[in-house]
Structure formats: C-alpha cells, structure tokens
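In this text, residue positions in the sequence shown follow my numbering: the first is 1474, and each later residue adds one.
Glycine is no exception: its CB is placed at the ideal position from the N, C-alpha and C atoms.
As the structure is a prediction and not an experimental result, all values here were calculated from the model.
A short worksheet on the structure shown next.
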Amino acid sequence: YEATTSWGGGTRLGPRAILEASRYVELYDQEFDCEPAQLLGIHTL
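Below you can see the structure in the form of structure tokens.
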C-alpha cells in the first residue's frame, strides 16, 4: 500500500527486502562474544 507516500514509490517492497537481506547480516557480537538474537530468542516466522 503506497497511497500515503509523499516521495518515491516502492515502499511496499521494503518488508520483503529486509527479510531477504537479513540472511546476510552477521549475528555474532564480538564485544559480547555471543549471538544475542539466539540468547534472546529472536526469530523470523
């Protein structure tokens, strides 16, 4: 749904693009020496 965008189109494609890009995000945190998403139980359904 893009009826409320004031400049540019394609916002409806944003959520899918974020999910597809999330596969390439480094989840390991060097400062904490762990993967916080696993410890906190964050998942994509």
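C-alpha gap between residue 1499 and residue 1508, whole angstroms: As a working mapping, residue 1499 is identified with position 26 in the sequence shown. As a working mapping, residue 1508 is identified with position 35 in the sequence shown. Approximately 9 Å, taken between the alpha carbons.
Under the DSSP definition of a beta bridge, which residues are partnered with residue 1502? Locating residue 1502 in the sequence shown gives position 29, where the first residue counts as 1. In DSSP, residue 1502 forms a bridge with 1507.
Below 8 Å on the Cβ atoms is my guess for residue 1475 versus residue 1484; work out the distance and round it to an integer in Å. Against the sequence shown, residue 1475 aligns to sequence position 2. Against the sequence shown, residue 1484 aligns to sequence position 11. That pair is a contact at about 6 Å.
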